[in-house]
Amino acid sequence: MTVIDSEAVAIGGVRQGWLDALHGWVTTVDHKRIGILYVGSALFFMVIGGVEISIIRLQLAQAEAHLISPQTFNRLFTMHGTTMIFLFGMPMLFGIANFVIPLMLGARDLAFPRLNAFGFWLFLFGGFLLYYSYLGAEGLYGAGSAPDIGWFAYAPLTSKTFSPGNSTDYWILAILVSGFGSMLTSVNLIATTLTMRCKGMTLMRMPMMVWIMLVVSVLVVLVIPPLTAAQVMLLLDRFLGAHFFDAQAGGSALLWQHLFWFFGHPEVYILMLPGFAYASEIIPVFSRKVLFGYPAMVAATVGIGVLSLGVWAHHMFAVGLSRDLNIFFTGSTLLVAVPTGIKIFNWLGTIYGGKIRFDTPMLFCLAFLAQFVVAGLTGVILAIAPLDWQLSDSYFVVAHFHYVIVGGLLFTIFGAIYYWFPKVTGRRLSETLGRWNFWLLVIGFQITFTTMHVQGLLGMPRRIYTYPADRGWEIWNQATSVGVVFQIAAVAIFAFNVWRSLRKGQIAGDDPWDAWTLEWSTTSPPPSYNFETIPEVQSRRPLWDLKHPDDPDGIHE
Amino acid sequence: MSWQDPERVEGIDLPAPTHWPIVTAFGVTLTFAGLVTSGLVTCVGFVTAIVAVVGWWRETLPEPREERIALRPPEQRAHAVVPVPGAVEHLTVGEAGHRVRIPVDIHRYSAGIRGGLVGAAAMAVVAVAYGLIAYASPWVPINLLAAMVIPSLAHADPAELSRFLPAAFGLAAVIHLGISILVGLIYAAILPMFPRRPVLVGGLVFPLLWSAVVWSSLGILNPALNERIDWVWFVASQFAFGLAAGFVISRTERVETLQTWPLAVRAGLEGTGLDRSGPDDPPREGPEA
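Protein chains in written order, with this note's numbering: chain A, 1 to 557; chain B, 558 to 846.
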């Protein structure tokens with residue numbers, strides 16, 4: 001067997017020709033490289049989705065504006081939603097998990113490295129297929145065009161009657177293909193977590209992030225198949241004249257909503273739980289304390305996962321469900337607040353009495369805590385059926401959802417990137433630029449999404465192309481659009497920070513944050529084999545045990 | 558820890574890089590993309606996927622292809638973690654005394670349950686009295702309570718409401734007992750916060766506040782039910798619950814709350830009096846007489 005120089009294949013290794021380097025990335029099965037590919041691709045799609053929403057906000061900044069056509073507007077919000085959910089959110093969480101989880105478990109790679117690569121490429125090609133629709137699809141008006149059916153693609157809008165070209169088919173097929181990738185990666189994460197933990201790492205000694213990603217992966221495996229089934233049924237409707245969702249021929253448009261939201265609501269938790277995971281790793285390290293109430297956090301995570309499977313129809317209150325169903329789904333949705341509240345209090349308990357370091361990762365997590373509480377409160381409002389009837393399909397719902405996904409997930413993603421960037425690259429991101437990034441994002445986020453609540457309460461429906469000037473909505477829309485400018489500036493500073501830090505960033509060392517989980521015990525960046533010898537742990541914080549042999553965690557757990 | 562001392566090994570076997578995953582993914586994507594482009598694309602994609610899968614199998618069966626990665630030279634490996642003995646600061650009782658802790662002792666949960674059940678009985682007596690006086694039937698208040706979850710009952714005529722309805726009785730019993738026990742538990746938790754006049758607060762103030770909340774919101778949540786409620790009797794039944802539950806709870810023994818314990822103990826991190834001796838240590842002797 002040939003012995004390969006580890007530096008030649010490790011991240012940040014010796015310089016190679018660009019063709020060799022490209023070949024290395026294309027053929028890699030290393031979980032760290034695949035993680036970087038996931039994160040890089042997700043950021044690429046985030047920029048595209050950001051450009052789309054910026055155009056939308058320009059259109060809505062003025063009443064009765066005609067900057068773009070209504071058809072273009074429909075395509076833009078469809079592609080923005082689809083991109084941010086399927087091509088930014090999910091790949092980002094899989095990317096970070098890919099890089100970090102084997103290191104946290106003390107493993108050399110994921111359980112199925114080739115399958116891992118396959119999953120990534122399926123996601124990426126699925127994304128390309130979606131965007132190829134701009135060139136290849138014959139949309140409603142006969143021109144090549146993107147899907148225009150919204151990210152949840154309600155029937156009968158998706159029928160051949162109302163969507164005669166191929167744009168909807170591109171949406172179905174792209175999500176289908178990338179969905180296969182998501183399932184494969186989830187299976188891989190489950191197998192890795194259950195079978196490849198290092199010696200001494202019992203389930204209750206796993207880092208909180210591993211627990212959460214295990215629950216997320218199980219959720220993905222449970223809820224992607226119903227979506228895939230629904231998409232296949234829709235394909236049969238569109239290609240072979242089946243009538244699953246055709247109410248006039250005995251089908252049910254409501255069936256699509258049930259199938260989609262059985263996936264769609266757990267999907268919100270699939271996206272948000274990893275944000276909890278990042279916060280659960282970052283907050284203890286920057287509070288210099290152990291995570292408060294680890295067993296309760298594990299139970300709450302599992303509880304959220306279980307409850308999330310039984311709340312989907314709260315997205316459907318407005319269709320006219322029976323009273324019994326309204327009561328059930330209101331109750332089950334309100335129940336989710338219990339484990340989520342446990343998590344919030346446990347993070348606060350972790351911070352309480354700690355010696356807090358206000359580094360950039362911690363700043364993002366603190367903002368997440370405040371913003372996510374607001375998101376939770378508006379979620380409780382929307383969970384109550386009579387209130388949902390008033391607010392359904394208004395900008396209030398858009399505000400709530402973005403408070404969750406941006407205020408919760410995006411902020412923790414930025415926190416995670418600032419936290420693990422030194423491990424991935426060997427260099428730290430600039431703290432000064434990080435603070436600029438943070439404050440501009442906070443200001444932009446608040447201006448954009450807080451004002452959306454008001455628009456919704458004033459009755460502005462979501463997805464409208466333009467609006468009359470006499471409704472009192474214009475000033476709020478202008479504020480929302482101004483907020484986007486701040487967010488663009490924040491992302492631009494982040495991009496500059498990454499570019500600059502890769503070249504001139506401070507050398508990070510193995511453990512720049514004085515952290516406690518196994519990934520910080522190896523070099524930055526880690527070698528392709530992760531560890532010279534497989535670690536052995538005796539508590540949830542193995543590096544704490546090494547740093548404080550007089551007071552190891554094991555005696556307290 | 559043994560894992561800090563890497564063994565002297567030449568290299569580590571890892572899965573070899575392979576192009577088959579990307580080729581397979583490309584083939585699968587083309588297979589689907591052909592549905593919206595051309596049948597030829599599907600054919601090319603399908604063949605590509607089959608070739609790639611066969612190539613993948615040949616690379617992994619019977620044994621997955623691996624390559625041996627040489628270990629980094631010692632100077633490029635991770636630095637050993639440096640112990641920092643004595644650096645741990647333990648949280649202590651009081652935590653700088655900046656937080657007021659009340660109450661220091663509370664009622665047991667069982668007291669709340671008992672109080673809730675006694676309150677439920679007292680409330681039921683008043684409610685049934687209302688039914689007998691106003692409608693000559695004890696079942697009216699019971700059926701009205703069940704109307705919270707049986708919409709048709711909210712619109713039923715007095716004759717229907719005066720009948721015994723087994724399903725409504727069962728539901729009303731569950732609702733009444735469930736809410737009563739929950740409110741009893743809440744009473745047990747919060748009455749110690751008002752140590753001077755627990756009966757006044759629990760028996761009169763809380764029922765009034767609760768009645769005000771129900772009165773102001775029921776018209777929005779359930780207008781039909783709202784029209785059927787006699788608010789004087791409703792408040793009277795709340796008083797009956799509050800006085801009975803408050804009386805029972807306030808007479809029970811109190812226990813020390815965890816508030817005075819250190820944060821670390823409450824978090825389950827440390828137990829006071831932790832025995833740090835190992836299994837090989839000699840057994841300790843008792844105190845000398």
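Think of the CB as a built atom: it goes at the ideal place given N, C-alpha and C, for glycine as much as any other residue.
Roughly how many angstroms separate the alpha carbons of A/His258 and A/Phe317, rounded to a whole number?
Along the first sequence, read from residue 1 onward, the residue named residue 258 of chain A stands at position 258. Along the first sequence, read from residue 1 onward, the residue named residue 317 of chain A stands at position 317. Their backbone Cα atoms lie some 12 Å apart in a straight line.
Where B/Ile732 meets chain A, residues with beta-carbon distance less than 8 Å
As a first step, residue 732 of chain B is located in the second sequence; it is residue number 175 there, counting from the start. Neighbours of B/Ile732 on chain A: none; closest Cβ ~12 Å, over 8 Å.
Along the chain, where does the alpha helix (DSSP H) that runs through B/Val812 open and close?
Against the second sequence, residue 812 of chain B aligns to sequence position 255. It is not in any alpha helix (DSSP H) - B/Val812 instead sits in the beta strand (DSSP E) that spans Arg811 to Glu813.
State the DSSP-derived secondary structure class of A/His265, mapped to helix, strand or coil.
Looking up residue 265 of chain A in the first sequence gives position 265. Reduced to three states, the DSSP call for A/His265 is helix.
By Cβ distance, which residues of its chain are closer than 7 Å to B/Thr605, with the 5 residues on each side in sequence left out?
Position 48 of the second sequence, counted from the start, is the residue given in the question as residue 605 of chain B. Val580, Phe583, Gly584 and Leu587.
How would you list, in chain order, the residues of chain B whose beta-carbon sits under 8 Å from the beta-carbon of A/Leu122?
Position 122 of the first sequence, counted from the start, is the residue given in the question as residue 122 of chain A. The contacting residues are Ala582, Val585 and Thr586.
Closest Cα partner of A/Ile589 within the set A/Glu532, A/Gly50 and A/Pro207:
Shown here, chain A extends from 1 to 557; a query on residue 589 of chain A therefore has no answer.
If you follow the alpha helix (DSSP H) that A/Arg565 is in, where does it begin and where does it stop?
Only positions 1 to 557 of chain A appear in the structure, and residue 565 of chain A is not among them; the question remains open.
For the structure I just gave you, are there three or more beta carbon pairs, one from the segment 110–128 of chain A and one from the segment 147–164 of chain A, closer than 8 Å?
no
Would a C-beta distance cut-off of 8 Å place A/Val221 and A/Ser186 closer than the cut-off?
Translated into positions along the first sequence, residue 221 of chain A becomes position 221. Translated into positions along the first sequence, residue 186 of chain A becomes position 186. Yes, Cβ-Cβ distance for A/Val221 and A/Ser186 is below 8 Å.
Quick check on DSSP: helix, strand or coil for A/Ala155?
Position 155 of the first sequence, counted from the start, is the residue given in the question as residue 155 of chain A. It is coil, neither helix nor strand.
Assign B/Leu618 to one of three DSSP states: helix, strand, or coil.
The sequence position of residue 618 of chain B within the second sequence is 61, counting from 1. Looking at B/Leu618 - three-state DSSP - the assignment turns out to be coil, as it is neither helix nor strand.
Measuring alpha carbon to alpha carbon, tell me which residue in A/Glu52, A/Glu536 and A/Tyr465 is nearest A/His80.
For this step, residue 80 of chain A is matched to residue 80 along the first sequence. Selected option, being the one with the closest Cα: A/Glu52.
Within 8 Å, do at least three Cβ pairs link the segment 664–672 of chain B to the segment 789–809 of chain B?
yes
Cutoff 8 Å: B/Leu592 Cβ touching any chain A Cβ
As a working note, residue 592 of chain B is residue 35 in the second sequence. Taking Cβ atoms only, chain A reaches closer than 8 Å to B/Leu592, which makes this a yes.
CB contact check: B/Pro708 to chain A, cutoff 8 Å:
Numbered from 1 along the second sequence, position 151 holds the residue referred to as residue 708 of chain B. Answer yes: the Cβ-Cβ gap between B/Pro708 and chain A drops below 8 Å somewhere.
CA nearest to the CA of A/Val454, picked from A/Asn437, A/Leu440, A/Ala337 and A/Gln478
In the first sequence, counting from the first residue as 1, residue 454 of chain A sits at position 454. It is A/Gln478.
Need the endpoints of the beta strand (DSSP E) that B/Asp662 sits in, please.
Within the second sequence, residue 662 of chain B is the residue found at index 105, counting from 1. Note, B/Asp662: beta strand (DSSP E), Asp662 to His664.
First and last residue of the beta strand (DSSP E) that includes B/Asp570?
As a first step, residue 570 of chain B is located in the second sequence; it is residue number 13 there, counting from the start. Segment Gly568 to Pro572, the beta strand (DSSP E) holding B/Asp570.
So, is B/Arg841 buried or exposed, given that buried needs 16 or more other C-beta atoms within 10 angstroms?
Looking up residue 841 of chain B in the second sequence gives position 284. Caution is warranted here: a pLDDT of 44 is assigned to B/Arg841, below 50, making its placement in the model unreliable, and no coordinate value can be reported.
Between the Cα of A/Trp121 and the Cα atoms of A/Ala137, A/Pro102, A/Phe94 and A/Leu135, which residue gives the shortest distance?
Within the first sequence, the letter at position 121 stands for residue 121 of chain A. Ranking A/Ala137, A/Pro102, A/Phe94 and A/Leu135 by Cα distance to A/Trp121 puts A/Phe94 first.
From the DSSP output, read off the bridge partner residues of B/Pro642.
By 1-based counting over the second sequence, the position of residue 642 of chain B is 85. In the DSSP output, where bridge partners are listed per residue, B/Pro642 has none listed.
B/Ala797, buried or exposed, once every other Cβ within 10 Å from all chains shown has been counted against 16
By one-based count along the second sequence, residue 797 of chain B stands at place 240. Looking at its Cβ environment, which holds 16 or more other Cβ atoms inside 10 Å, B/Ala797 is buried.
Beta-carbon proximity check, A/Leu60 vs A/Ser481, cutoff 8 Å:
By 1-based counting over the first sequence, the position of residue 60 of chain A is 60. By 1-based counting over the first sequence, the position of residue 481 of chain A is 481. Yes.
Going by beta carbon distance, what residues of the same chain come within less than 7 Å of B/Ser847, once the five residues before and after it are set aside?
Residue 847 of chain B is absent from the structure shown; chain B starts at 558 and stops at 846.
Contact list for A/Ile36 against chain B, beta-carbon separation under 9 Å
Stepping through the first sequence from its first residue, residue 36 of chain A is reached at position 36. The contacting residues do not exist; A/Ile36 stays about 15 Å from chain B at best.
Below 8 Å between beta carbons is the criterion; list the residues of the segment 157–175 of chain A that meet it against any residue of chain B, in chain order.
Asn166, Asp169, Tyr170 and Leu173
Pull the bridge partners of A/Lys199 from the DSSP assignment, please.
Within the first sequence, the letter at position 199 stands for residue 199 of chain A. Beta-bridge pairing links A/Lys199 to A/Glu536.
Any C-beta of chain B under 8 Å from that of A/Gly320
As a working note, residue 320 of chain A is residue 320 in the first sequence. No, A/Gly320 does not count as interfacial toward chain B.
Are the segment 736–754 of chain B and the segment 777–787 of chain B touching, with three or more C-beta to C-beta distances below 8 Å?
no
Taking buried to mean at least 16 other C-beta atoms within 10 Å of its own C-beta, is B/Pro631 buried or exposed?
Working through the second sequence from its first residue, we reach residue 631 of chain B at position 74. By the 10 Å Cβ count, B/Pro631 comes out exposed.
Interface flag, B/Gly612 vs chain A, CB-CB below 8 Å
As a position in the second sequence, residue 612 of chain B is number 55, starting the count at 1. It does not: the Cβ of B/Gly612 has no partner Cβ on chain A nearer than 8 Å.
What residue range is occupied by the uninterrupted alpha helix (DSSP H) comprising A/Asn572?
Residue 572 of chain A is absent from the model: chain A starts at 1 and stops at 557.
What is the DSSP secondary structure of A/Ile282, counted as helix, strand or coil?
Your numbering for residue 282 of chain A matches position 282 in the first sequence. Helix.
Can you tell me whether DSSP reads B/Pro695 as helix, strand or coil?
Here residue 695 of chain B is taken as the residue at index 138 of the second sequence, counted from 1. Here B/Pro695 sits in coil by DSSP.
If you scan the segment 162–187 of chain A from start to end, which runs of the beta strand (DSSP E) of 3 or more residues do you find wholly inside it?
none
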